[in-house]
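Accompanying notes for the structure given below.
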Amino acid sequence: MLSVIIPAYNEEEVLEEFYGRITSALDKIDMPYELVFVNDGSRDRTLPILEDICRQDERAVVIDLSRNFGKEIAVSAGIDFAKGDAVVIIDADLQDPPELIPDLIAQWRNGYDNVYARRTSRDGESVLKKLTSYLFYRVIGRMTNIDIPADTGDFRLLSRRAVDALKQLPERNRFMKGLYSWIGYPSIAVEYRRDPRHAGQTKWNYWKLWNFALEGITSFTEVPLKLASYIGGFIAFAAFCFGIYIIVDTLFYGNEVKGYPSLIVTVLFLGGIQLIFIGILGEYLGRAFAEAKQRPLYFVNKVVKK
Ligand code: UDP
Ligand code: MG
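Quick note: the sequence shown uses the working numbering, first residue -2, plus one each step.
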């Protein structure tokens, strides 16, 4: 059986269209399937629409989370719930074409555990978003040992053993794109064109994207922490040399108490560097704190099924 996980947060405008397209795409495959909708604390009519769908279609089920937890956790909830031998994760807004699912299944049958969809184009997204996303994948690619494929989102198919591996990862800070790669197993890309959103609004803004990038970096690399030691070491060394120079200079030529500019520049520079690295420490410490609390990832309000 195939399980399809659909996280949905305020998607009232697209769900009916989505349901129509996904069922017509899936009816062409020779496999039974279930649709696992995760309602991530939507404030619009998403839940009633999904309940309606479940009333008519016994293949559909809604997991209604107790509040909005964010897409990564909504997907994790769906993964915990999915029973299929293969699991597809797809957005509700039709940016990921359901018609690609048969291609994903074909590669899964070829023996791949992680079949991810790679977008060759992204229509309807701003140049700035494309640029920042491009840079993010390049930067994180340089900083980590694991291979996070560029230009892929969550749209993918995972085999049962990949799903079981994901379920064993206990972290609270779930940077899913990294986790999919971290578990390993044979993976392959299937290419597609990313369409603009069918209707409704993206839930991302640049502040959220920035935090998402921080999440990815802090979850998968300690390079920023190392940077602190290296830059700190370099500055300490430079300061030491400068100190020797000052001492020698004073011994030979005396001191007339000049040098306010160099003094203030040094003080400000060191202060700034220290604040930056205290900030980086804080980012890691905050996440370590979240992990230490060991809170459950999510709570389910109710599960609706025919
Ligand atoms: N989503 C979610 N919880 C959230 C935000 C988004 O479940 O807090 C879902 C949303 O309903 C959609 C998918 O995640 O199905 C992708 O969201 P969106 O289209 O806003 O992201 P983008 O495509 O712009 O990256
Ligand atoms: Mg979208």
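Just so it is clear, CB atoms sit at the ideal spot from N, CA and C, and this is done for glycine as well.
Predicted, not measured: the structure shown is a model, and the values here were computed from it.
- For residue 266, the uninterrupted alpha helix (DSSP H) run begins and ends at 257 to 290, by DSSP.
- The C-beta distance from residue 163 to residue 176 rounds to 6 Å, short enough to fall under 8 Å.
- In the DSSP assignment, residue 114 falls within the unbroken beta strand (DSSP E) covering 111 to 119.
- Counting along the chain, no beta strand (DSSP E) covers residue 90, and no H or E run does either.
- For residue 65, the shortest C-beta to heavy atom distance toward the ligand UDP is below 6 Å.
- Counting every other CB atom within 10 Å of its CB across the protein chains shown gives residue 279 a total below 16, marking it as exposed.
- Residue 172 sits close to residue 212, with the two beta carbons spaced by under 7 Å.
- Remark: C-beta atoms of residue 63 and residue 298 approach each other more closely than 7 Å.
- Using a cutoff of 6 Å, the CB of residue 90 counts as near the ligand MG, since one of the ligand's heavy atoms is closer than that.
- In the DSSP assignment, residue 2 falls within the beta strand (DSSP E) that extends over -1 to 5.
- Taking a cut-off of 8 Å for Cβ pairs, the segment 262 to 276 and the segment 225 to 234 touch, as three or more such pairs fall below it.
- In this structure, residue 194 has its beta carbon less than 6 Å from a heavy atom of the ligand MG.
- Annotation for residue 79: no beta strand (DSSP E) segment contains it, and DSSP assigns it neither H nor E.
- Rounded to whole angstroms, residue 232 and residue 269 show a C-alpha spacing of 12 Å.
- If you draw a 10 Å sphere on the C-beta of residue 238, you find fewer than 16 other C-beta atoms in it, and that means exposed.
- The alpha carbon of residue 302 has as its nearest neighbour, out of 27, 61, 18, 9, the alpha carbon of 61.
- Excluding five sequence positions before and after residue 9, the CB atoms of its chain that fall closer than 7 Å to its own CB belong to 41, 42, 43, 46, given in chain order.
- For the pair residue 11 and residue 67, the Cα-to-Cα distance works out to about 19 Å.
- Taking a contact to require three or more Cβ pairs closer than 8 Å, the segment 136 to 146 and the segment 89 to 106 do not qualify as touching.
- The DSSP-derived three-state label of residue 254 is coil.
- The residues 277, in chain order, have a CB closer than 6 Å to that of residue 221 in the same chain once the five nearest residues on each side in sequence are set aside.
- Counting only the Cα atoms, residue 35 lies some 14 Å from residue 84.
- Only buried fits residue 114, as 16 or more other CB atoms lie within 10 angstroms of its CB.
- Between residue 95 and residue 196, the gap from beta carbon to beta carbon reaches 7 Å or more.
- Residue 78 has its alpha-carbon roughly 16 Å from the corresponding atom of residue 51.
- Taken from the Cβ of residue 8, at least one heavy atom of the ligand UDP lies inside 6 Å.
- Annotation for residue 29: -2 place their beta carbon closer than 7 Å to its own, counting only its chain and skipping 5 residues before and after.
- Cβ-Cβ distances below 8 Å link residue 135 to 147 in the same chain, with the five nearest sequence neighbours on each side left out; the list follows chain order.
- Leaving aside the five residues that flank residue 55 on each side, the residues in its chain whose CB is nearer than 8 Å to its CB run, in chain order, 302, 303.
- In the DSSP assignment, residue 153 forms a beta bridge with 86, 113.
- With a threshold of 16 other beta carbon atoms within 10 Å, residue 165 falls short and is exposed.
- As a beta-bridge residue in DSSP terms, residue 188 pairs with 115.
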